[in-house]
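**Q**
Residue numbers (this note's numbering), protein chains in the order written: chain C, 780 to 1201; chain A, 17 to 335.
1) Under 8 Å, Cβ to Cβ, is there at least one residue of chain A near residue 1204 of chain C?
2) What are the boundary residues of the beta strand (DSSP E) that residue 309 of chain A is part of?
3) Residue 1081 of chain C bridges to which residues according to DSSP?
4) Let's see if you can read the secondary structure: which residues bound the alpha helix (DSSP H) around residue 119 of chain A?
5) Put residue 58 of chain A into one of helix, strand or coil per three-state DSSP.
6) Name the residues in the segment 160-174 of chain A whose C-beta lies less than 9 Å from a C-beta of chain C; which are they?
7) Determine the chain C residues that contact residue 38 of chain A at a beta-carbon separation under 7 Å, and present them in chain order.
8) State the Cα-Cα distance for the pair residue 315 of chain A and residue 162 of chain A, rounded to the nearest angstrom.
9) Thinking just about the alpha-carbon of each residue, which of C:1191, C:1172, C:1037 is nearest to the one in residue 852 of chain C?
10) Does residue 787 of chain C pass the burial test, meaning 16 or more other C-beta atoms within 10 Å, or should it be called exposed?
11) Tell me the DSSP secondary structure of residue 92 of chain A in three-state form.
12) Can you tell me whether residue 185 of chain A is helix, strand or coil according to DSSP?
13) How many whole angstroms separate the CB atoms of residue 1066 of chain C and residue 971 of chain C, which I take to be in contact at a CB cut-off of 8 Å?
14) Against residue 981 of chain C, what residues of chain A qualify as contacts under a CB-to-CB distance less than 9 Å, listed in chain order?
15) How many angstroms separate the CA atom of residue 802 of chain C from the CA atom of residue 1071 of chain C?
16) Can you check whether the C-beta of residue 1093 of chain C is within less than 8 Å of a C-beta belonging to chain A?
17) Return yes when the Cβ of residue 1185 of chain C is within less than 8 Å of the Cβ of residue 1104 of chain C, no when it is not.
18) Ordered along the chain, which non-local residues of its own chain (more than five positions away) have a Cβ less than 6 Å from that of residue 1135 of chain C?
19) For residue 798 of chain C, decide whether its Cβ has a neighbour in chain A, counting only Cβ atoms nearer than 8 Å.
20) Please report how far the alpha carbon of residue 998 of chain C lies from the alpha carbon of residue 906 of chain C, in whole angstroms.
21) Mind listing the chain C neighbours of residue 35 of chain A? Cutoff is C-beta to C-beta under 8 Å, in chain order.
22) Is residue 98 of chain A near residue 73 of chain A, with beta carbons less than 8 Å apart?
23) Count the other C-beta atoms from every protein chain shown that fall within 10 angstroms of the C-beta of residue 800 of chain C, then say buried if there are 16 or more, exposed otherwise.
24) Identify which residue in C:1051, C:1158, C:1100 has its Cα closest to the Cα of residue 835 of chain C.
25) Please confirm whether residue 1094 of chain C and residue 1052 of chain C have their CB atoms less than 8 Å apart.
26) Would you say residue 974 of chain C lies against chain A (beta-carbon separation less than 8 Å)?
27) Just the Cα atoms here: how many angstroms apart are residue 1151 of chain C and residue 140 of chain A?
28) Any beta-carbon of chain A closer than 8 Å to the one on residue 784 of chain C?
29) Grab the span of the beta strand (DSSP E) containing residue 1185 of chain C for me, first residue to last.
30) Against chain A, does residue 1098 of chain C count as a neighbour if the rule is that its beta carbon must be under 8 Å from one of theirs?
31) Starting from residue 225 of chain A, find everything on chain C with Cβ-Cβ shorter than 7 Å and list it in chain order.
32) Out of C:1174, C:1031, C:1037, C:1199, which has the shortest C-alpha to C-alpha gap to residue 849 of chain C?
33) For residue 231 of chain A, list the residues DSSP reports as bridge partners.
34) Please tell me whether residue 126 of chain A and residue 70 of chain A are closer than 8 Å, where the distance is taken between their beta carbons.
35) If you check the beta carbons only, do residue 882 of chain C and residue 839 of chain C fall under 8 Å apart?
36) Kindly indicate if chain C contains any beta-carbon less than 8 Å away from that of residue 139 of chain A.
Below, the structure is given as structure tokens:
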């Protein structure tokens, strides 16, 4: 595949170009030479396309960048990524074994490169074995390809370890991602501590489990100067704390999962384990606050892709595994949110392209001339029904199964190569 | 949202919770239970309504008392009753809940009576029966986690109706560990559906679930306040493991604040009845003088429980 790079030239014509990074929303052609964006609007001199893609009626935007994608099977999940228009994914370190060894990171990158589908950016373990006790070899892991460090969903019980981890990461300018949840306050909980959990007799996770953890993380980030990213906010109070921290000058970023923009505690219905998430789906007003945070750019949006096999969900709610398959729904659910919230596509698409790319510090999420041609071409109006068969991911676990979606990916390009088309 | 307890005609096919059951169905169960009450007084304590049917008592959590009452009820309806102590057999060997169900369905089970430690487990079973197309198999929830214990809730309603005749204008106080109590939840939903005047939930904040008032109850932290002028007092059992730790400092302190004694009971109406789902902790939530006193209806509750369970099983089998 890589050999064609220098010779393949692609003309994407008649599309509506939306490039949030550069504030572009216009009918415009795009020209690719040698895997990079060569020109926009007018063809470069002596351009003869080896392939022309007709994007009539479609939107041409940067390939989506996902802040959290779990990859139990590299090939199936990366196929799912490109089918969903996602061209770059960050993989959290709670793999088996966890990403705390440079060798494991190198292997993941080598194997995903060989597939030539979406680009994979591993997040290294912050502590050895994610045990929250001893620091992982962050410098070696960075040389191996890690772009940030996190505990995934594992807690750090000892706050001094967290302080040291931040100090060490700050020394080298590494970014730290934390999913803010106080382990003790969330202990045994399986759903938002509110009306629905009380009614269903499910043990609750209170909002203070999130706010306490955010407060500690922000105070330590201020102390150490580390680049902090707070992953998967779930509550209005959490959003308010992050807003305040930013107002006070802290360089902190955050994200929300696409599921939390659409669902709330009532979607648990009669113990639907597909609606079991970590952090939990909270109240309607929490969801509204998350939507507002995503709308005004405080938070980026991610799929939090977590494939779970059927057996992992066919259990009583409290015993079922958490999470949902999300890669192939990230774009349609972002479009659905944009429509419901009456947001311009330029704004909504920023949350899944340039914003996460900036958070990860990677050269993606932009259609500027000279950039790698990682591109998603989608029909924003095509309706389709979500069935298990249409998902390429191993995980068919989604509370949206059977729903009507609008917006379908037609073609995905990575480095100027067509890696998905229908 | 589709209510999994009801079929397309709105009839009861599974009993999973008192939440979401219309008043007519609750009343129908109580009326039919009333007609079964005299069966237990006969020489031959049997009616042939479930003859030839197999009822599987599937207890993933031990409970000799509840299981026995279901067994008696099924036998008085002439069903074949098979008791499975699942906690100690198949699941211990790694078989999943739904594997167990598949096996028992293959043995031609007609009804499952399920007790499980996890809230919502019976819903998973009902969902599965739907998926495999066995809507003819019925499920009775005999207690799931903290969620529901609908037959206990119904027998409590039966008891209240027996002594108080009418639900309107009644004030009912539920006292104790409501957070962990499936009985309390089943009582609250049934009481609000049947239209009692006021339901009070009484206990310290550590034992009350969040947003409890959304279930239509008045929350009281003070026992005196909670008992004042009420017609029915339902005392809840306090589990041993919750008596001292982060929920409560000690059983002694709990009794001093929330224990039902002749003195505190005097705050209720003179003809108030005292109920308890059993087994009781004498001296922890209730004083022996009250438990054995004239206002206690704790043993009649047990008797009514058989009739209510007979009513539930016969209705399910008929739908």
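All C-beta atoms in this analysis are idealised placements derived from N, C-alpha and C, irrespective of residue type, glycine included. Computed from a prediction, not measured in an experiment: that's the story for all the values here.
**A** So, from the listed chains and residues:
1) No answer is possible for residue 1204 of chain C: the residues shown for chain C start at 780 and end at 1201.
2) Residue 309 of chain A -> no beta strand (DSSP E), and no H or E assigned at all.
3) C:1036
4) 113-122
5) The answer is coil: DSSP assigns residue 58 of chain A none of H, G, I, E or B.
6) 160, 161, 162, 163, 164
7) Ordered by position in chain C, no residue passes the 7 Å Cβ test against residue 38 of chain A, which lies about 17 Å from the chain.
8) Answer to the nearest angstrom: the Cα atoms are 24 Å apart.
9) C:1172
10) buried
11) Residue 92 of chain A: helix per DSSP, three-state reduction.
12) coil
13) 11 Å between Cβ atoms; not a contact.
14) 135, 136, 161, 162, 163
15) In this structure, the straight-line span from the alpha carbon of residue 802 of chain C to that of residue 1071 of chain C is close to 21 Å.
16) yes
17) no
18) 844, 846, 1079
19) no
20) 20 Å
21) Within 8 Å of the CB of residue 35 of chain A, the CB atoms of chain C belong to 978, in sequence order along the chain.
22) Yes; because the gap between Cβ atoms is below 8 Å, this pair is in contact.
23) buried
24) C:1158
25) yes
26) yes
27) 48 Å
28) The pLDDT assigned to residue 784 of chain C is 48, lower than 50, so where the model puts this residue is not dependable; a value taken from the coordinates is nonetheless given after this. Interface flag for residue 784 of chain C against chain A is unset, since no Cβ pair is found closer than 8 Å.
29) Residue range 1183-1193 is occupied by the beta strand (DSSP E) that includes residue 1185 of chain C.
30) yes
31) 977
32) Residue C:1174 is the option with its Cα nearest to residue 849 of chain C.
33) According to DSSP, residue 231 of chain A bridges with nothing at all.
34) The criterion of a C-beta distance shorter than 8 Å is satisfied by residue 126 of chain A and residue 70 of chain A.
35) The criterion of a C-beta distance shorter than 8 Å is not satisfied by residue 882 of chain C and residue 839 of chain C.
36) yes
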